[in-house]
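Numbering of the sequence shown is given in my numbering, commencing with residue 522 and proceeding in unit increments. Written out below as structure tokens is the structure these notes cover.
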Amino acid sequence: MPQTAEREGRARPAVAIIGAGPAGLMAAEALAGKGFAVTVFDAMPSPARKFLMAGRGGLNITHSEPLDRFLTRYGEAAPVVGPWIERFTPADLRDWVHGLGIETFVGSSGRVFPVGLKASPLLRAWLRRLDGLGVTLKTRHRWTGWNADGALTFDTPDGVQLVAADATLLALGGASWPRLGSDGGWATLLAAKGVELAPFRAANAGFDVAWSPSFIERAEGQPLKRIALSFARQTSRGEAVVTRTGLEGGALYALGAPLREAIACDGQAVLTLDLKPDLDLRAVTARLAKAPPSESLKNRLRKALGLEGVIPALLREGAAPADLATPAALGARLKALPITLTAIRDLDRAISTAGGIRLTELDEHLMLRRLPGVFAMGEMLDWEAPTGGYLLQACFSGALAAAAGVANFLG
Ligand SMILES: Cc1cc2nc3c(=O)[nH]c(=O)nc-3n(C[C@H](O)[C@H](O)[C@H](O)COP(=O)(O)OP(=O)(O)OC[C@H]3O[C@@H](n4cnc5c(N)ncnc54)[C@H](O)[C@@H]3O)c2cc1C
Numbered sequence: 522m523p524q525t526a527e528r529e530g531r532a533r534p535a536v537a538i539i540g541a542g543p544a545g546l547m548a549a550e551a552l553a554g555k556g557f558a559v560t561v562f563d564a565m566p567s568p569a570r571k572f573l574m575a576g577r578g579g580l581n582i583t584h585s586e587p588l589d590r591f592l593t594r595y596g597e598a599a600p601v602v603g604p605w606i607e608r609f610t611p612a613d614l615r616d617w618v619h620g621l622g623i624e625t626f627v628g629s630s631g632r633v634f635p636v637g638l639k640a641s642p643l644l645r646a647w648l649r650r651l652d653g654l655g656v657t658l659k660t661r662h663r664w665t666g667w668n669a670d671g672a673l674t675f676d677t678p679d680g681v682q683l684v685a686a687d688a689t690l691l692a693l694g695g696a697s698w699p700r701l702g703s704d705g706g707w708a709t710l711l712a713a714k715g716v717e718l719a720p721f722r723a724a725n726a727g728f729d730v731a732w733s734p735s736f737i738e739r740a741e742g743q744p745l746k747r748i749a750l751s752f753a754r755q756t757s758r759g760e761a762v763v764t765r766t767g768l769e770g771g772a773l774y775a776l777g778a779p780l781r782e783a784i785a786c787d788g789q790a791v792l793t794l795d796l797k798p799d800l801d802l803r804a805v806t807a808r809l810a811k812a813p814p815s816e817s818l819k820n821r822l823r824k825a826l827g828l829e830g831v832i833p834a835l836l837r838e839g840a841a842p843a844d845l846a847t848p849a850a851l852g853a854r855l856k857a858l859p860i861t862l863t864a865i866r867d868l869d870r871a872i873s874t875a876g877g878i879r880l881t882e883l884d885e886h887l888m889l890r891r892l893p894g895v896f897a898m899g900e901m902l903d904w905e906a907p908t909g910g911y912l913l914q915a916c917f918s919g920a921l922a923a924a925a926g927v928a929n930f931l932g
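Shown next, in the form of structure tokens:
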């Protein structure tokens with residue numbers, strides 16, 4: 522028998538939030554704070570597994586750059602995502618973290634982290650707050666759709682459970698790292714209701730490069746620091762790492778969307794790597810010209826430009842003898858090294874997912890136009906952004922926008 526606020530004789534409207542990731546939990550906090558009876562359901566045995574995983578490498582919660590620049594990170598989705606973030610800004614998000622008793626700091630790249638870098642203390646404090654607000658959390662509840670009467674259906678260890686809610690918020694995540702719970706299985710449920718979806722694609726994932734075996738042996742796992750990468754008139758500064766199969770890292774992810782689309786179209790994309798972005802070609806060439814030609818490439822690069830590690834091997838990789846023969850040729854190669862990317866890595870291990878519910882399927886309150894009373898938020902929507910805290914910020918801000926939509930819907 523479905524439970525509703527009405528049947529239980531409760532005056533408070535019942536809100537079902539499906540997905541206990543950052544988006545679902547943020548909406549739960551807002552709606553419980555407004556007095557709604559909130560239940561959060563998740564398929565996994567414990568909440569927010571991807572959020573905890575995000576904390577493993579340092580939880581980059583948001584970014585400190587000016588808001589107008591921040592909003593450009595969402596590309597074509599900026600007109601939709603921007604208003605969410607203007608209402609709950611990166612500064613508001615930091616205040617919210619501080620309110621949980623956890624300080625934040627700005628790293629050298631402008632990225633914002635909680636002190637201690639981990640997600641687990643933040644999640645513990647947050648779950649305590651949600652408990653205090655009366656939010657019910659039901660784990661091991663896999664949402665499987667709606668029954669003929671419109672009740673939500675869940676597979677649970679106790680069999681199929683039916684839940685009738687006054688409003689439903691879907692926060693089911695993307696389709697990367699499926700073992701953490703976000704497996705994209707919801708897509709068929711919504712497609713069956715006529716909701717239009719953009720295909721899932723990997724975002725913030727490494728790319729394949731056909732390195733030679735000798736280069737891989739020498740370079741696998743080596744960082745390329747303070748580099749600039751360019752593609753399609755966009756340039757991104759930062760770091761990348763050479764992997765067995767190619768390249769990965771923040772500087773690459775910032776160009777990920779156009780690179781991925783170019784590979785889908787043309788089968789490959791040629792990225793330009795500048796190994797010394799703070800010096801122009803003339804200065805680089807002049808410094809190389811001063812280094813005695815009798816010295817090894819390794820020594821000349823180190824003495825003239827302070828470039829060490831994997832860089833001599835990278836410059837030699839695929840080079841013709843003439844490419845390294847003169848200071849001018851070497852300088853030109855070092856300032857604009859072409860790297861051919863042949864594929865983006867699998868969605869399974871991508872940091873995030875592009876694709877999902879098309880933004881045109883939502884009204885301005887994040888309610889699905891085809892399913893009145895059902896709202897959607899977080900990574901399951903068709904927006905993408907590079908790493909840098911932009912993913913979590915949009916999940917949190919979007920969740921608050923959806924929660925405001927629910928409150929408006931329920932009057
Ligand atoms: C390794 C890694 C590092 C990352 N680092 C960062 C970072 O530093 N900064 C940053 O901004 N972002 C980072 N991210 C991305 C960030 O974690 C995600 O964008 C964010 O977790 C998405 O939040 P969400 O609430 O939309 O979805 P999720 O966090 O994916 O939560 C969705 C929830 O829905 C549940 N669910 C799915 N299907 C069902 C179903 N049918 N029934 C019931 N429950 C279901 C899942 O179990 C899950 O708990 C990282 C991601 C990864 C994988």
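We put the CB at the ideal spot given by N, CA and C, even for glycine. Predicted model only: the values in this text are computed from it and were never measured.
Buried versus exposed, by CB contacts within 10 Å (16 or more), residue i
i	result
Val-636	exposed
Arg-645	exposed
Ile-764	The residue you asked about is not Ile; residue 764 is Thr in the sequence shown. Its Cβ being crowded by 16 or more others within 10 Å, Thr-764 is buried.
Asp-563	buried
Cys-916	buried
Lys-797	buried
Arg-879	exposed
Arg-632	buried
Lys-811	exposed
Leu-588	exposed
Gln-755	exposed
Ala-731	exposed
Asp-670	exposed
Pro-833	buried
Glu-816	exposed
Asn-929	exposed
Ala-692	buried
Ala-785	exposed
Arg-570	buried
Contact set for residue i: own chain, Cβ-Cβ below 8 Å, skip 5 residues either direction
i	result
Glu-769	Ala-726, Gly-727, Phe-728, Ala-761, Val-762, Arg-866
Gly-556	Arg-533
Ala-713	Gly-666
Leu-858	Thr-793, Leu-794, Asp-795, Leu-796, Leu-835, Leu-836
Arg-854	Leu-836, Ala-840, Asp-844, Leu-845
C-alpha gap between residue i and residue j, whole angstroms
i	j	result
Asp-787	Arg-608	40 Å
Gly-910	Glu-900	13 Å
Pro-568	Asp-704	15 Å
Ala-924	Leu-800	49 Å
Thr-583	Pro-848	42 Å
Leu-745	Val-831	8 Å
Ala-871	Ser-629	25 Å
Leu-868	Ala-719	14 Å
Leu-673	Ser-697	25 Å
Leu-658	Ala-685	16 Å
Gly-680	Arg-781	42 Å
Leu-921	Ile-539	15 Å
Ala-612	Ala-772	24 Å
Trp-605	Gly-777	23 Å
Leu-621	Ile-737	45 Å
Arg-758	Gln-682	50 Å
Val-536	Asp-687	6 Å
Ala-864	Leu-651	42 Å
beta-carbon residue i near ligand 1 non-hydrogen atom, thresh 6 Å
i	result
Asn-581	yes
Leu-913	yes
Ile-623	no
Met-547	no
Leu-693	yes
Phe-572	yes
Ser-733	no
Ser-873	yes
Ile-539	yes
Ser-641	no
Met-888	no
Gly-655	no
Residue-level contact to chain B via CB, residue i, 7 Å cutoff
i	result
Asp-801	The structure shown contains no chain B, having only a single protein chain.
Contacts around residue i, its chain only, beta-carbon distance under 6 Å, and the 5 residues preceding and following it disregarded
i	result
Ala-783	Ala-790
His-662	Phe-562, Phe-675, Thr-677
Val-895	Thr-689, Leu-889
Sequence-distant residues of its chain with Cβ nearer than 7 Å to residue i (five each side left out)
i	result
Phe-572	Gly-542, Pro-543, Ala-640, Leu-644
Leu-654	Glu-550, Ala-553, Gly-554
Val-656	Ala-549, Ala-553, Val-559, Val-561
Pro-779	Phe-752, Ala-753, Gln-755
Lys-856	Asp-795, Lys-797, Leu-802, Val-805
Residue ranges of each beta strand (DSSP E) within the stretch 811-886, 3 or longer = 858-862, 873-878
Just list the alpha helix (DSSP H) runs in the stretch 645-726, keeping only unbroken ones of 4 residues or longer that don't cross its boundaries, in chain order.
-> 707-712
Let me know the beta strand (DSSP E) ranges lying completely inside the stretch 729-789, each 3 residues or longer, listed in chain order.
-> 744-752, 755-763, 767-769
Identify every run of the beta strand (DSSP E) within the stretch 579-627, keeping only runs that are complete inside it and at least 3 residues long; order them along the chain.
-> 625-627
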